[in-house]
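Dropping the structure here:
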């Protein structure tokens, strides 16, 4: 046996109310002198996290033995034990911070220790999982050992790559032979039992949200544990708070707001107070497809059962200030586009009988925070096809999974009228065709509209009349088309032309023009007068206002054999359903 050089360090971050355990290492244990065994965990044959609860009716001296495994210098353990105070939900003893001995033959770490813990309820944990250990390898050339390679760089190891699992385990005894073990109830280990909101023990691919109201400004206690994505500002498993007046996030887990939660480096937690004004709020928590209470792919946090979030009023005398709402946390959408797949465009009509406050939620693909969405939703006014709201240009939030999965949640006010909800996707990463990790709620890939607090008489209704508000439309248009529509104006009329087509190198390939009865061009879509239409650079758009004398006219739109509606060879435009030309009548100009 070689004696470890690891030194005991304080378990900091949050000072336990139970007090820090007094601890001294012991090198031998008199089995006959010790008291009854309070907890035991052994027989590990596969990756697992297990626990055993025990109760101390008074300050008690304990003897602990733990056999685990890690690197030979004790800088990291893949199999290890700890004791959790179930009131503070923070460890009072860890094998990682206690002295131990490394056995060269078995490569196991053995720790024998004594601690005195105050009265309370505790859980002994032992975890053995895959993880990363510092590099420590022999350097050989032609069979000749030249030395060892050591460093802070780490490499991934399987749960049983080092050590002998047959000997692993942890055991706790009362030091006093006269100690009488206390009964343990089934509810003893439930985290934060008095918290009115508990989104805890989340499994893989799970999301929970709860709506609550505060009658006055209130200080709240929030606990949240999640999975940090190293090298980014995002969490794969996270929690958030939403102000349901503005629908803006007032809190989320970030590297700056969190601290290490024990176990794997990616385990992070928030434990503190948050002050919120009177109003309505939503607390949410969600996980991706890996590393959760259901199945850990690395060492779990010190408090595995609290994976997720819990919230309660800080001052017990003010508990009545918080009321949890029953039912769905958000208003029910009246119009929805969901489960949108690659290369699709969908739209839904709706109308408002009066001015209304709406909640618009959209999830799509956004490569960078400041770039436009590749999969995007928006709202158009039917009368003139003007865009009145878009996911682009708004603050977006992580939607879970891949970094490019982003959520926009916005509260808007629209006047009475007819509208169209639209959503379009490019050729990659959409419902059931993900090229990276899918979002928390893959079925929601799309956009919804709901009325906020409509009362007894809703203003928002799906459907509406089918009239577009356009005088004439040739859209959308596919490949190899030349469509002509003739119309007549009885008096001088002002019109607006909206055209989207394909152009490159100064020339248009899919384009529109307007001719009089003789075939003489009155207006033509010229490349130099167009702007970007979103998507590929060759998607071009133009809007033109004309004054037409009385007469007969022909509106034309022509496409070549590639890149048109329904058969894009590059990223489609932002509004693919308008690929073509649309003509609107404008009101007469003021004299």
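In our numbering, the protein residues as written are 389 to 979.
Every residue, glycine too, gets a C-beta built ideally from N, C-alpha and C.
What you are looking at is a predicted structure, and each value in this text was computed from that prediction instead of being measured.
Kindly give me the distance between the Cβ atoms of residue i and residue j, rounded to whole angstroms, as I take these residues to be in contact under 8 Å.
i, j, result
"residue 985", "residue 936", "Because residue 985 is not part of the residues shown, which for the chain are 389 to 979, the question remains open."
"residue 784", "residue 754", "6 Å"
"residue 828", "residue 789", "7 Å"
"residue 456", "residue 465", "5 Å"
"residue 479", "residue 597", "At roughly 30 Å, the Cβ-Cβ gap does not stay under 8 Å, so residue 479 and residue 597 are not in contact."
"residue 675", "residue 593", "6 Å"
"residue 496", "residue 557", "Going by Cβ atoms, the distance from residue 496 to residue 557 rounds to 10 Å, so no, they are not a contact pair."
"residue 942", "residue 886", "That belief does not hold up - the Cβ atoms of residue 942 and residue 886 are roughly 18 Å apart, past 8 Å."
"residue 470", "residue 684", "About 14 Å separates the two Cβ atoms, so there is no contact after all."
"residue 1013", "residue 748", "Nothing can be reported for residue 1013, as the shown portion of the chain is limited to 389 through 979."
When you compare only the Cα positions, how much space is there between residue i and residue j?
i, j, result
"residue 953", "residue 714", "45 Å"
"residue 649", "residue 462", "19 Å"
"residue 645", "residue 658", "7 Å"
"residue 923", "residue 962", "6 Å"
"residue 876", "residue 889", "25 Å"
"residue 939", "residue 950", "35 Å"
"residue 601", "residue 934", "54 Å"
"residue 1040", "residue 448", "Residue numbering for the chain in the displayed model covers 389 to 979; residue 1040 lies beyond these limits and cannot be assessed."
"residue 870", "residue 966", "16 Å"
"residue 472", "residue 825", "34 Å"
"residue 849", "residue 736", "11 Å"
"residue 638", "residue 654", "23 Å"
"residue 430", "residue 549", "18 Å"
"residue 566", "residue 422", "9 Å"
"residue 417", "residue 623", "The pLDDT assigned to residue 417 is 45, lower than 50, so where the model puts this residue is not dependable; a value taken from the coordinates is nonetheless given after this. Between residue 417 and residue 623, the C-alpha separation is close to 44 Å."
"residue 412", "residue 510", "Low confidence applies to residue 412: its pLDDT is 42, below 50, so where it sits in the model is not reliable enough to give any reading."
"residue 440", "residue 740", "59 Å"
"residue 585", "residue 682", "20 Å"
"residue 545", "residue 708", "50 Å"
"residue 667", "residue 706", "15 Å"
"residue 663", "residue 773", "43 Å"
"residue 776", "residue 515", "54 Å"
"residue 483", "residue 445", "24 Å"
Quick check on residue i: does DSSP put it in helix, strand or coil?
i, result
"residue 449", "strand"
"residue 692", "helix"
"residue 468", "strand"
"residue 417", "With a pLDDT of only 45 at residue 417, under 50, the local geometry of the prediction cannot be trusted, and the value read off the model is given with reservation. In this structure, residue 417 counts as coil in the three-state DSSP scheme."
"residue 964", "helix"
"residue 584", "coil"
"residue 920", "strand"
"residue 621", "coil"
"residue 705", "helix"
"residue 819", "coil"
"residue 786", "strand"
"residue 719", "coil"
"residue 830", "helix"
"residue 648", "strand"
"residue 435", "coil"
"residue 554", "helix"
"residue 971", "strand"
"residue 484", "helix"
Quick one: is residue i buried, meaning 16 or more other Cβ sit within 10 Å of its Cβ, or exposed?
i, result
"residue 553", "buried"
"residue 434", "exposed"
"residue 853", "exposed"
"residue 410", "Model confidence at residue 410 stands at a pLDDT of 43, short of 50, so the residue's coordinates are unreliable; what they give is reported in the following sentence. Answer is exposed; the Cβ neighbour count stays below 16."
"residue 680", "buried"
"residue 968", "buried"
"residue 415", "Residue confidence is low: residue 415 scores 40 on pLDDT, short of 50, so the model does not pin down where it sits. No coordinate-derived value is stated."
"residue 507", "exposed"
"residue 926", "buried"
"residue 568", "exposed"
"residue 723", "buried"
"residue 916", "exposed"
"residue 570", "exposed"
"residue 806", "buried"
"residue 615", "buried"
"residue 793", "buried"
"residue 804", "exposed"
In terms of DSSP beta bridges, what is residue i paired with?
i, result
"residue 769", "807"
"residue 1044", "The displayed coordinates of the chain run from 389 to 979. Any statement about residue 1044 would go beyond what the structure contains."
"residue 799", "747"
"residue 725", "835"
"residue 370", "Outside the displayed range of the chain (389 to 979) lies residue 370, so it cannot be described from this structure."
"residue 869", "Per DSSP, none; premise fails for residue 869."
"residue 424", "For residue 424, which the question treats as bridged, DSSP gives no partner whatsoever."
"residue 479", "472"
"residue 874", "942"
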